[in-house]
Amino acid sequence: MKWLLDYLLKIKPNFDEGQKLNWLYPLYEATETILFSTDAKTKSAPHIRDSIDIKRVMILVVVALIPCYVFGAINIGYQNALSFGLERTWVENLIFGAKTIIPIIVVTFVAGAFWEILFAIVRKHEISEGFLVTCALIPLTMPPSIPLWQLFIATSFGIVIGKEIFGGVGMNIFNPALTARCFIFFSYPSKISGDMVWLVGPDGYSGATALSVPASTNSADAVSLLDGITQFDYSWINLASGWIPGSIGETNKFIIFLAAVALMIMKLISWRVILGGVSGLFAMSYIGTLIAPFSDNSMLSIPPHYHLVMGSFAFGLTFMATEPVTGSHTDTGRLVYGFFVGVLTVIIRSINPAYPEGVMLAILLMNAFASLIDYFVVKVNIRKRMARYA
Amino acid sequence: MSHIKIKKGHDIKISGIPESDISTGSTASDLALLPSDFKGVKPKLMVKVGDSVKIGSPLFLDKLNPEVRWASPGSGIIKNIKYGPRRVIEKIEVELDKDQQSLDFKSHSIDDISNLSKDEVLDVILGANLFPHFRQRPFNTIPDPKIKPRDIFISGINTAPLAVDIEIAMADDIENFQAGINAIEKLTDGKVYLTNKVDSRLSDVENVNINTIEGPHPAGNVSIQIHHISHLKPSELIWTIAPQDVAMIGKLFLKGVYDPSKIITVAGPGVKNPTHLRVKTGYPVESILRSNLSSEDVRLISGDVLTGRECTLEDYMSFYDSSISVISNEINREFIGMLNPGSSSSRYSLTPVFVSLSNILFPFTSSQNGNHRAVVPINSWERVLPMDILPNELYRSILAEDIEEMESLGLFECDDEDFALCSFACPSKTDVSGVIRKGLDMLQAEV
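Given below as structure tokens:
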């Protein structure tokens, strides 16, 4: 590949300061450093550096998302076949699903890249690879039936308002992918609030999601309600293995679990957030089951292990709540932050009548509170030190 | 005596580890002191070009503390005094003569030393112009000899990459070391702390509070040891000194001479025969490295690869440094490097994001291995900082220039060298140690 590098280095002077193409320098720089690892040298001590860089971090998260895409595509085909009553092999399902999600991916990346490059050129900074993760996450949080124009607007909103106006990756306070999801949620609520299933099926075909089943019936046991649904298989094992309608990437909890383990081993996401999140979810939903007999709210009777596999909690916790920039920055803070993501998810799901699903709002809320948690962790650290000094 | 176990940190497996024999380097024809090595010092010359000096003659003093003077490490003629911008003295070069005479001071028996008073000990050290070998915490500057330190800390273990093995360097110097300890013990009302590795040669030294430490770098850094043995409080002062310098002071008391020789390492992936070497303070880099470079395109570093100063062959070794490290400047640009699964021969990372099958020593280059980005806090700093300090918050308080906050977050207890591994490990290529230095300078200006 020497010829390509030589060619790139040959055209590099065209992008120098004062040259006609200088305004395109961020684009050139991104191309060169994506194709070939950088030739930047250390300017001061330490003179040697670790081989990891942000490009590597971001691309590994994207790689961890690929299985979610593949399963998502197969599941879209499967749900479609189910709704039409067709018999199809999984390859046919995959092909059908791919036809649905490839336009979604393309639109997201076009919108994301457009804004990222525009901001890089106008603000004269380097193109940040963070948008790759954002754009890889957005399609997975979307229903397969999402109109592409809505997706374009939502991605633009997520990238611009969620990230660029703060100065780009590392400066944002809300997760950009969730900001995009949130935008759609509130702008086109009839399509996306999560009370009706999303699938690519016949016109007028509809059904209740697993979470909206107990939400719409009073004074009943959630598990027996779910078992009573015949349109979809809402058994625990099927909710976990993901053969249910839902957003593209969030249905299969086993794949998400494996991705989470891989990312934790690579130390790219914090195990503290995951541990905190799962314990928060279990604690709050256990409290819910204790209250359930005294309430006519059937959502409260959902047992903890069902909460774990229902809706997008697993996906949100693994890929959104663990985002290092918008979460808490201290180790103790991460535990607390994760815990409240879990708690709030259950509270919004069970007690708020308007939204059957709560993980998105829980994470965005905790994004807002992350710095406050850090503030208290720092205060405790300072108080401990002052006690030592005294 | 206690045993400290450090868990956080990392020993960088860099190739070019020095042999354990001490070779005698070639003798140089000149040497130099670089006043810029001393932070916070306003140097005033005591010699001019053409003057002849002996080993131990003062070359310059600190205007702010005139009794602190710097001894010439060689005897000969002042060859050149180089000034930088705004007439800052950059270096004082001494052309060495053949017989290398040294100034004679009074010699003491080991029992005499124990009977000296604090002022007498200080007078001997100041009189021999060797006081600058002491440094103080906070700020890692040369202390004011008039103020008594709470304690004196000596780190008997070097954990920095390719650093001098103190066990090797001190092998023949235990007696001098003991004399040095007996002397500097007088300088404080507190204790003299020596932190060794387990089963060290220095474990039998007396009149000193010995602790043992084990664990990866930065376990050998004095701030880490102070942090774990006896916290430094904001109003207190601690002096620190390197073990080789303690032995040198011991020799001054026993023999009445200043022996400027010390043992350093010449090491790193860019060195043909990495080794321990006996040289003098202020030796020219060229005479140390002579024909020991493995290629032309290398970076020479006075000090270790994490905290050293980039230098050239024409340069001189910094005063406090005890190694010369050499790394290659040749950078291999991998095709689609960010997707490459990586192998242990081309990638080295504390964050396990590369496939690594063998445990080889890694030939580091001066490559930054990535471009600078905004901080993405994936905990890479916290994993290599064995102190009860929140590095991310401290870093941000310094960027915000919030003096009060940085003080309460414990900046007093740190030195920039403790954060070198944070800069090393940061995926965003943040200059953490540089920012910490900036914070320390701000804090020092304030107090």
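If you read the sequences in order, they're chains A and B.
Our numbering applies: residue 975 is where the first sequence begins, and numbers increase by one.
Our numbering applies: residue 3 is where the second sequence begins, and numbers increase by one.
Every residue gets a Cβ at the ideal spot worked out from N, C-alpha and C, and that includes glycine.
None of these values were measured; they are calculated from a predicted model.
- Check the Cα spacing between residue 1107/A and each of 1096/A, 1205/A, 1030/A, 1044/A: the tightest is with 1030/A.
- For residue 138/B, no alpha helix (DSSP H) encloses it; the enclosing beta strand (DSSP E) starts and ends at 137 to 139.
- Two segments are said to touch when three or more pairs of C-beta atoms, one from each, lie closer than 8 Å; by this definition the stretch 1334 to 1343 of chain A does not touch the stretch 1171 to 1185 of chain A.
- The criterion of a C-beta distance shorter than 8 Å is satisfied by residue 226/B and residue 8/B.
- Closer than 8 Å at the C-beta level to chain A, one finds these residues of the stretch 227 to 247 of chain B: 233, 235, 236.
- DSSP, reduced to helix, strand and coil, places residue 1224/A outside both helices and strands of the structure shown, so it counts as coil.
- Its chain contains 6, 197, 221 as the residues whose beta carbon lies nearer than 6 Å to that of residue 215/B, once the 5 sequence neighbours on both sides are disregarded; these appear in chain order.
- Look at the beta carbons and you see the stretch 356 to 374 of chain B touching the stretch 14 to 26 of chain B: at least three pairs across the two are nearer than 8 Å.
- By the neighbour-count definition (other C-beta atoms within 10 Å, threshold 16), residue 1137/A is a buried residue.
- In the three-state reduction of the DSSP assignment, residue 1311/A falls in the helix class.
- Collapsing the DSSP output to three states places residue 64/B in a strand.
- Judged by DSSP in its simplified three-state form, residue 366/B adopts coil rather than helix or strand.
- Annotation: residue 84/B to residue 94/B spans about 7 Å, alpha carbon to alpha carbon.
- Nearest Cα to residue 62/B within the set 92/B, 86/B, 88/B, 87/B: 92/B.
- Residue 328/B sits away from residue 265/B, with the two beta carbons spaced by 8 Å or more.
- Under the Cβ distance rule, residue 1305/A counts among the residues neighbouring chain B, one pair being separated by less than 8 Å.
- Interface annotation for the stretch 381 to 398 of chain B against chain A: 381, 384, 392, 394, 395, criterion Cβ-Cβ distance under 7 Å.
- Closer than 8 Å at the C-beta level to chain A, one finds these residues of the stretch 358 to 372 of chain B: 366, 367, 368, 369, 370, 371, 372.
- Distances from the CA of residue 979/A to each of 40/B, 125/B, 334/B, 395/B were compared; the closest alpha carbon is that of 334/B.
- No Cβ-Cβ contact shorter than 8 Å links residue 33/B with residue 321/B.
- Only 1142, 1143, 1144, 1145 from the stretch 1135 to 1146 of chain A bring a Cβ to less than 7 Å from some Cβ of chain B.
- Counting only runs that start and end inside the stretch 181 to 233 of chain B, the alpha helix (DSSP H) elements of at least 4 residues fall at 224 to 231.
- Across the structure, residue 252/B and residue 261/B are spaced so that their CA atoms are roughly 10 Å apart.
- Listed in chain order, the alpha helix (DSSP H) runs fully inside the stretch 976 to 1027 of chain A are 976 to 985, 999 to 1009, counting runs of at least 4 residues.
- Excluding the 5 residues flanking it on each side, residue 442/B has same chain C-beta neighbours closer than 6 Å at 141, in chain order.
- The count of Cβ pairs closer than 8 Å, one atom from the stretch 1035 to 1043 of chain A and one from the stretch 1223 to 1230 of chain A, reaches three, so the stretches are in contact.
- Contact between the stretch 1269 to 1285 of chain A and the stretch 1186 to 1196 of chain A is present, with at least three C-beta pairs closer than 8 Å.
- Only buried fits residue 40/B, as 16 or more other CB atoms lie within 10 angstroms of its CB.
- Among the CB atoms of chain A, one or more fall inside 8 Å of the CB of residue 337/B.
- Residue contact with chain A for residue 161/B: absent (no Cβ-Cβ distance below 8 Å to any residue of chain A).
- Distance between residue 356/B and residue 343/B, taken at the CA atoms: about 6 Å.
- For residue 100/B, there is no enclosing alpha helix (DSSP H), as DSSP marks it with neither H nor E.
- Take residue 389/B, set aside five residues on each side of it, and the residues of its chain with a beta-carbon closer than 6 Å to its own are 229, in chain order.
- Here the alpha carbons of residue 1087/A and residue 985/A stand approximately 23 Å from one another.
- Short of 7 Å from the beta carbon of residue 52/B, and not among the five residues preceding or following it, lie these beta carbons of its own chain, in chain order: 79, 80.
- With contacts defined by Cβ atoms closer than 8 Å, residue 325/B and residue 339/B do not form a contacting pair.
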